[in-house]
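Q: Have a look at this one.
Residue numbers (the numbering used here), protein chains in the order written: chain A, 1 to 262; chain B, 1 to 378; chain C, 1 to 371.
Below you can see the structure in the form of structure tokens.
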């Protein structure tokens, strides 16, 4: 699509300077102390808008975290995951977990990142900063990244038993069928109104049809599949029919079982 | 025979009905007064839709209660469930016949010479209703609320009773009329018995489950209270019981400590003899004085509700057992010593001195205390 | 397993004093709390997923609804993060910066008034609720006259502000601010020296400074524990560097100190507002937006930026792929979510009645916890 540029763009953001090399970043006084303790775990470094990001080996993250905590980064600001599967030009592992740290003495933040995949668990840093507990639970819940050594890695925002990880790029924005169906006689398979529906098909849903007298005989939606709920319960008087109908065609081919048929 | 019937049956029944109706009117009025007064404290109007300034609310609320669906939990214990609201109401209402509203003999319904003890005994039986109500609801949280409330009421019965003992020692009688007549000859009892008056004030709030002691009724706690499972008229009975108790307590404190229907001390002023000398007008004047004083204490109930936060349950019990009871016992002890020594008048000076000190403390200009507590960093 | 004396009780999700749909699973022995487990997620609406599918300016109304009590600061955090990503933070006109600060401070006052109202009424004091809402109505009126909405403001844009201030707005806010300090004194007179209030709040939920930092707590709970840290001072944004204000800190880290810290913060907010008025009047009218392209397409990279919202440090972590108009990933670091994590540590050993005080003192908004 064509971009509408104003006639004279004033002071456009200058092309970012080539940036410092990884070694220069590693020697930055902010992180030099911590990095020197775990120098061999560093996989890379980046700097953007004044923030330093260091990439580390996933399996040694606890040791790295402890080194940073001892170096003054006592406050874990944020722990989050990113799914890079739809990132243009990304090769490599699918997920990245970022740890944003803050040091009170130096009054500055640094970010640590590790790469992982669905299969590779990341060691949990709950033992280093207690606040990581819920952050890691949320990352697991939303993205499916496993954290090994976490005291109680369970879902936090979605309910127990939810099937899927919502923030993954292959999870649809419109949601998935969780099996909890409402108004099955109005809405199709998949529950809920479809995006783009005008709502005209819901006009009968809330109309009182004198149904309270039939309390106990209401069609009950089948949770978890099993076809349209209304049809499942309404023909309750009709269910004996298929059963009764079964032996009849079976009778002729089995002349010896006359006693067993009806 | 006719005179006997008149004196012992008809006339008391008539007087009791009048007293009952008056108390009922005050209960209904209290409903409206509380809501409007709370609104006044809270910078808002109270009910103002039904009738002039919401006065018809007094009629609208009972209509609502009567017409509401009466839901009874299926697994509630039926007999206890129905008895629950009724048990607090009956003794509290019937004790309104023991209180002298004006100069005897016309304005006292009955005159029992152990009237005070009878009132205490009757109002104490209200606890049964609360326990039954909480237990019979078959609700874990109602049970806890009922037990909490019962523990609170039983604990505060003790300072309630002990604070009265001081008054008894000075007055020498359990008869409420005698106590009032004593007060018009000497000073009102809140001066020599200032400590007992304070304890009685706090205990009557706690007895009544009113803020700051309204933990059993608080909806912001986990336990929603003993009257959770009650709807419509049964709930209204609990509320009626509460308001009746407020009135009985206010009448008691006025009678015991603030001179009842008289406006005189040391024999000067509107004493009973002066009022009786004015005939029926004097009697009515005495009753008016009495009810004015009662209204002041009822307003004080509402004032407390608007102002104070709630005590936590263990703090409430600590206050009752560790502070109020020792204080009441000390009061009895000190009063006894003064009576033994014969220096009863000294108590008056002590009482006046305490009141003067309290007034000086309250009228002292306040310093901005809050700013000192928080350290500032820039 | 369970001892015979222990009972497991559910506090919420429908409860008058959990400030939203919060469920706390309590394990109690009589009245004493042995363990508390907050269960959240009842208000999860998939905001972060939505951010990935909407252009940056379209995200701003969604940020309103996270902490719906303090939406101006939510907006501010988001637009500042995007501006940092685009590198245009220095281009925001001064008038826009001052307007942002004024709206944030008014929002801070409004949020703290709501906190005081609900905290007091949970502990039984009914009256402060009505007094604080009387002032809050006036603040909401100011918001309404500026951007048309009282609660979910959508009052900031990437690069500046949507509209200039209405005529007379500054005078009205000045009149409000002049009498607001007396109102705070009024609320304090009801509660601060009240013996019952002190009994309910002193010693409840004590957090040591090291624990607070370890749990990641920010905002008034952190300052109540004695840590002198406020993002408006530590990592200043907008025009806070030139404004003078103090940061109140507490001594003991209990509920009473947190209460005092927030009351003092309200006073400091009025102080900031008073300083802003002459500064705003000195700026040219109408200069409220930086000149940026209509289509917001930030360069590739990732950024984390946070501001001081009334509840704590509100941070946004945005990953941009440089090619689309949507964020590739926008993660919100909500202060209430992180502060709520410390609830079990604060609640153990206290009574059930104290749990209500604790939930009130951490000042959570479920919209922010669950997003």
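Built from N, CA and C at the ideal position, the CB exists for glycine as well. No experiment lies behind these values; they were computed from the predicted model shown.
1) Of the residues 229(B), 322(B), 165(B), which one's Cα is nearest the Cα of residue 138(B)?
2) Which residues of chain C have a Cβ atom closer than 8 Å to the Cβ of residue 306(B), listed in chain order?
3) Taking Cβ-Cβ distances shorter than 8 Å, what residues in chain A pair up with residue 92(C)?
4) Pull the bridge partners of residue 227(B) from the DSSP assignment, please.
5) Taking a contact to mean a Cβ-Cβ separation below 8 Å, would you say residue 320(B) touches residue 155(B) in this structure?
6) Using DSSP with H/G/I as helix, E/B as strand and the rest coil, what is residue 445(C)?
7) In angstroms with no decimal places, state the Cα-to-Cα distance between residue 103(A) and residue 360(C).
8) Just to confirm, are residue 340(C) and residue 36(C) a CB contact at a threshold of 8 Å?
9) Check whether the Cβ atoms of residue 287(B) and residue 133(B) lie closer than 8 Å to each other.
10) Quick one, which of 31(A), 23(A), 71(A), 142(A) has its alpha-carbon nearest residue 97(A)'s?
11) Would residue 126(B) and residue 92(B) be called neighbours here (beta carbons separated by less than 8 Å)?
12) Which of helix, strand or coil does DSSP assign to residue 52(B)?
13) Determine the chain B residues that contact residue 196(C) at a beta-carbon separation under 7 Å, and present them in chain order.
14) Flag this pair as touching only if the stretch 108-126 of chain C and the stretch 331-350 of chain C have three or more C-beta atom pairs under 8 Å; answer yes or no.
15) Which residues does DSSP pair with residue 76(A) in a beta bridge?
16) Please report whether the beta-carbon of residue 206(B) lies at a distance below 8 Å from any beta-carbon of chain C.
17) Would you give the residue range spanned by the alpha helix (DSSP H) that residue 29(C) belongs to?
18) Anything in chain C within Cβ reach of residue 44(B), meaning under 7 Å, just list it in chain order.
19) Less than 8 Å separating the beta-carbons of residue 247(C) and residue 233(C)?
20) Could you name the residues of the same chain whose beta carbon sits closer than 7 Å to that of residue 149(A), not counting the 5 residues immediately before and after it, in chain order?
21) Buried or exposed for residue 237(B), going by 16 or more other Cβ atoms inside 10 Å?
22) Which whole-angstrom value describes the C-beta separation of residue 176(C) and residue 235(C), a residue pair presumed to lie in contact below a C-beta threshold of 8 Å?
23) Just to confirm before moving on: does the CB-CB distance between residue 54(A) and residue 31(A) stay below 8 Å?
24) Run the CB neighbour count on residue 309(C), radius 10 Å, all protein chains shown included, and call it buried at 16 or more, exposed below.
25) Once DSSP output is grouped into helix, strand and coil, what is the label at residue 62(C)?
26) Compile a chain-ordered list of the residues in the stretch 199-228 of chain C whose CB is closer than 7 Å to at least one CB of chain B.
27) Going along chain B, which residues have a C-beta under 7 Å from residue 135(C)?
28) Specify the secondary structure class of residue 188(B) as computed by DSSP and reduced to three states.
29) Please find out if some non-hydrogen atom of the ligand GTP comes closer than 7 Å to the beta-carbon of residue 115(C).
30) Taking Cβ-Cβ distances below 8 Å as the criterion, which residues of the stretch 102-128 of chain A are in contact with chain C?
31) Less than 6 Å between C-beta atoms, sequence neighbours within five positions excluded: which residues of the same chain meet that for residue 159(C)?
32) For chain C, is any of its Cβ atoms less than 8 Å away from the one on residue 100(A)?
33) So what does residue 155(C) bridge to, in DSSP terms?
34) How far does the alpha helix (DSSP H) with residue 53(A) in it extend, from its first residue to its last?
35) With three or more C-beta pairs closer than 8 Å as the rule, is the stretch 190-203 of chain C touching the stretch 95-111 of chain C?
36) Interface residues of chain B around residue 182(C) at Cβ under 9 Å?
A: Answer, in terms of the structure:
1) 229(B)
2) Per Cβ cutoff of 8 Å: 126, 127.
3) Neighbours of residue 92(C) on chain A: none; closest Cβ ~12 Å, over 8 Å.
4) DSSP output for residue 227(B) lists no bridge partner at all.
5) yes
6) This structure cannot settle anything about residue 445(C), because the visible part of chain C is limited to 1 through 371.
7) 29 Å
8) no
9) no
10) Out of 31(A), 23(A), 71(A), 142(A), 142(A) has the C-alpha closest to the C-alpha of residue 97(A).
11) yes
12) helix
13) 212, 308, 309, 311
14) no
15) 101(A)
16) no
17) Unbroken run through residue 29(C) is the beta strand (DSSP E), 23-29; no alpha helix (DSSP H).
18) 130
19) yes
20) Here the set comprises 123, 124.
21) buried
22) Going by Cβ atoms, the distance from residue 176(C) to residue 235(C) rounds to 29 Å, so no, they are not a contact pair.
23) yes
24) buried
25) helix
26) 199, 200, 228
27) Per Cβ cutoff of 7 Å: no residues; residue 135(C) is ~11 Å from chain B at best.
28) coil
29) Only the bare structure without any ligand can be found here, which leaves the ligand GTP out of the picture.
30) 104, 107, 109, 111
31) 289, 290, 292
32) yes
33) Answer is none; residue 155(C) lacks a bridge partner.
34) Residue 53(A) -> not in any alpha helix (DSSP H); beta strand (DSSP E) instead, spanning 51-56.
35) Contact between the stretch 95-111 of chain C and the stretch 190-203 of chain C is absent, because fewer than three Cβ pairs lie under 8 Å.
36) Under the 9 Å cutoff, chain B gives no residues; its nearest Cβ is about 12 Å from residue 182(C).
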